[in-house]
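>
Number of protein chains: 2
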Amino acid sequence: MSLPHALLTALIERPSSGFDLAARFDKSMAYFWQASHQQIYRELARLEEAGWVQSSVDESGRGGRKVYEVLAAGREELRRWVAEPTDPRPLREELMVRLRADAAVGPCGLQHEIARRLALHQAQLAEYQTIEQRDFAPGNDHRAQRLQHLVLQAGILMESMWCEFSERALAILNEPEPEAGAGSPAADQTPGPASS
Amino acid sequence: MSLPHALLTALIERPSSGFDLAARFDKSMAYFWQASHQQIYRELARLEEAGWVQSSVDESGRGGRKVYEVLAAGREELRRWVAEPTDPRPLREELMVRLRADAAVGPCGLQHEIARRLALHQAQLAEYQTIEQRDFAPGNDHRAQRLQHLVLQAGILMESMWCEFSERALAILNEPEPEAGAGSPAADQTPGPASS
DNA sequence: CGGGGCATGTAACCTGTTACATGATTAG
DNA sequence: CTAATCATGTAACAGGTTACATGCCCCG
Chain L
6 MSLPHALLTA
16 LIERPSSGFD
26 LAARFDKSMA
36 YFWQASHQQI
46 YRELARLEEA
56 GWVQSSVDES
66 GRGGRKVYEV
76 LAAGREELRR
86 WVAEPTDPRP
96 LREELMVRLR
106 ADAAVGPCGL
116 QHEIARRLAL
126 HQAQLAEYQT
136 IEQRDFAPGN
146 DHRAQRLQHL
156 VLQAGILMES
166 MWCEFSERAL
176 AILNEPEPEA
186 GAGSPAADQT
196 PGPASS
Chain H
6 MSLPHALLTA
16 LIERPSSGFD
26 LAARFDKSMA
36 YFWQASHQQI
46 YRELARLEEA
56 GWVQSSVDES
66 GRGGRKVYEV
76 LAAGREELRR
86 WVAEPTDPRP
96 LREELMVRLR
106 ADAAVGPCGL
116 QHEIARRLAL
126 HQAQLAEYQT
136 IEQRDFAPGN
146 DHRAQRLQHL
156 VLQAGILMES
166 MWCEFSERAL
176 AILNEPEPEA
186 GAGSPAADQT
196 PGPASS
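In the order they appear, the protein sequences are chains L and H. Read in order, the letters of the first sequence correspond to residues 6 to 201 in the working numbering. Read in order, the letters of the second sequence correspond to residues 6 to 201 in the working numbering.
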């Protein structure tokens with residue numbers, strides 16, 4: 006969906022080969038967009054066919070290293086795309102399905118899994134906060150830098166939310182039950198979210 | 006990935022036809038898992054082939070209405086799956102790509118899009134809060150109900166986060182710029198998130 | 001008898017994942 | 001020479017989306 010434009014952005018930030026892009030996607034874009042090297046090669050070929058980027062073979066280095074640069078048409082396309090309206094794509098969160106399933110069939114030991122995830126999210130949050138303190142000093146007023154800080158803050162908000170959520174989930178799942186309850190009681194009539 | 010198990014859960018809550026399931030997915034599961042009717046039919050056929058559900062044609066109603074019920078093996082499979090460990094699947098958020106692109110090529114009018122989204126998230130948040138007050142009275146101690154409440158709260162946390170984020174983004178994007186800045190200045194060297 | 005909603009599907013396509021294939025350079 | 005790393009790809013598949021096809025029943 007937005008892979009081509011993510012690549013254009015990355016190439017504007019720095020012209021690179023497919024291999025470099027694959028490595029950089031693991032670093033700076035990793036937590037809000039990912040792509041395997043196969044996808045990247047496939048997409049770069051399309052971008053070139055569309056006339057948005059241009060490749061030149063770098064003879065100096067290793068064999069067959071193709072460096073891509075963004076052309077004017079690509080820059081134009083990127084600017085067009087940035088302002089294009091798109092609805093937020095709905096969530097698709099497996100864990101919620103699990104919780105609902107647990108509610109339907111009764112306790113399944115889900116709390117271990119949630120505890121494991123809580124630890125993961127705490128670790129990730131700590132990492133982001135470290136990066137924030139390292140790379141974003143209080144007094145930066147450059148627009149581009151403030152936007153990049155904002156993107157990092159989104160990651161922080163997200164991980165905080167998951168920690169909060171995991172703790173609430175554990176509070177419910179770890180509660181001692183009155184009786185070791187059978188399969189599934191009267192779990193019909195889901196009042197759940199939405200409707201209206 | 007978890008569509009088969011989402012279907013099993015929904016069918017345990019209430020045996021239904023594919024058509025009904027498609028309608029219910031639009032209601033109670035809509036905000037954390039979606040499926041088109043084509044997917045649902047495809048998947049129900051697989052579930053039946055696997056011996057997890059059983060269909061019976063309902064002659065009384067409209068022609069060819071196939072009602073599915075979960076078999077013991079399906080219930081077993083669902084319990085197994087609930088406790089199965091899986092890592093949280095990484096984010097894939099188009100808007101972040103847009104912000105980064107904006108940072109790379111300069112202002113593109115992104116604030117209109119963000120303002121539009123803020124309104125959407127505020128509306129969704131209000132809707133969830135209405136549902137919460139309507140369906141979840143303070144004194145409910147049934148485990149299943151508390152879990153369903155938790156899932157709704159996740160939606161509320163999520164929408165609150167997006168509102169907060171959108172407001173921060175607008176604060177930066179609406180800022181008056183010193184000069185109407187050219188294309189892209191020295192936006193190399195992305196310090197961005199991750200790396201560790 | 002014709003249109004609209006109920007109900008079930010098929011086919012084609014796009015994106016993303018996994019596995020495999022190939023060659024060139026460099027370090028030991 | 002061999003193994004690791006750099007670097008580019010192909011092929012097959014799985015999940016999800018869009019468009020299209022089909023038939024029944026009820027209402028006007």
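Idealized CB from N, CA, C, for every residue including glycine. Here the structure is a predicted model, which means the values were calculated and not measured.
(1) Just verifying my parser: in three-state terms, what is the DSSP assignment at D146(H)?
(2) Between A88(L) and E82(L), what straight-line distance do the alpha-carbon atoms span, to the nearest angstrom?
(3) How about Y73(H) and V62(H): are their beta carbons less than 7 Å apart?
(4) What number of angstroms, rounded off, separates the C-alpha of A15(H) from the C-alpha of L26(H)?
(5) Apart from the five residues on each side of it in sequence, which residues of its chain come closer than 8 Å, Cβ to Cβ, to A120(H)?
(6) Could you check whether the Cβ of V110(H) sits closer than 6 Å to any heavy atom belonging to the ligand GTP?
(7) Does any residue of chain L bring its CB to less than 7 Å from the CB of I45(H)?
(8) How about A109(L) and I17(H): do their beta carbons lie closer than 7 Å?
(9) Leaving aside the five residues before and after E48(L) along the sequence, list all residues of the same chain whose C-beta is less than 7 Å from its C-beta, in chain order.
(10) Can the beta-carbon of Q138(H) be found closer than 7 Å to that of N179(H)?
(11) Which whole runs of the alpha helix (DSSP H) in the segment 27-62 of chain H are 4 residues long or more, in chain order?
(12) If you follow the beta strand (DSSP E) that R70(H) is part of, which residue opens it and which one closes it?
(13) How many Å lie between G114(L) and I136(L) at the Cα?
(14) In chain order, what are the residue ranges of uninterrupted alpha helix (DSSP H) at least 4 long that sit wholly in the segment 101-127 of chain H?
(15) How about L1(L) and L104(H): are their beta carbons less than 7 Å apart?
(16) With distances taken Cα to Cα, identify the nearest neighbour of D146(L) among S33(H), P181(H), K71(H) and R70(H).
(17) Quick check on G23(L) - is its C-beta less than 7 Å from some C-beta in chain H?
(18) Taking only the alpha-carbon atoms, compute the straight-line gap between D92(L) and E64(L) and give it to the nearest angstrom.
(19) Can you tell me whether S171(L) is helix, strand or coil according to DSSP?
(20) Report the rounded CA-to-CA distance for R148(L) versus D31(L), giving the unit in angstroms.
(21) Could you tell me the distance, in whole angstroms, from the CA atom of W167(H) to the CA atom of L130(H)?
(22) Express the C-alpha separation of G144(H) and F37(L) in angstroms, rounding to a whole number.
(23) Just checking: is the beta-carbon of F170(H) within a distance shorter than 7 Å of some beta-carbon in chain L?
(24) Taking CB distances under 7 Å as the criterion, tell me whether P181(L) reaches chain H.
(25) Any Cβ of chain H within less than 7 Å of the Cβ of P196(L)?
(26) According to DSSP, is S165(L) part of a helix, a strand, or is it coil?
(27) For R85(H), count the other beta carbons within 10 Å of its own beta carbon; 16 or more makes it buried, fewer makes it exposed. Which is it?
(28) Do you know offhand how far R97(H)'s Cα is from E54(L)'s?
(29) By how many angstroms is the C-alpha of A159(L) removed from the C-alpha of Q127(L)?
(30) In this structure, what does DSSP give as the bridge partners for S21(H)?
(31) Can a CB atom of chain H be found closer than 7 Å to the CB of R103(L)?
(32) Below 8 Å on the Cβ atoms is my guess for V102(H) versus M101(L); work out the distance and round it to an integer in Å.
A quick look at the data gives this:
(1) coil
(2) 11 Å
(3) no
(4) 7 Å
(5) S171 and L175
(6) In terms of ligand content, the structure shown is empty, and the ligand GTP therefore cannot be addressed.
(7) no
(8) yes
(9) L8, P9 and L12
(10) no
(11) 42-54
(12) R70 to V75
(13) 35 Å
(14) none
(15) The requested residue 1(L) is not part of the displayed model; chain L covers only 6 to 201.
(16) P181(H)
(17) no
(18) 44 Å
(19) helix
(20) 24 Å
(21) 10 Å
(22) 39 Å
(23) yes
(24) no
(25) Bear in mind that a pLDDT of 45 at P196(L), under 50, signals an unreliable position, so the number given afterwards is only what the model happens to contain. It does: the Cβ of P196(L) has a partner Cβ on chain H nearer than 7 Å.
(26) helix
(27) exposed
(28) 26 Å
(29) 15 Å
(30) Y73(H)
(31) yes
(32) The Cβ separation is near 25 Å, so there is no contact.
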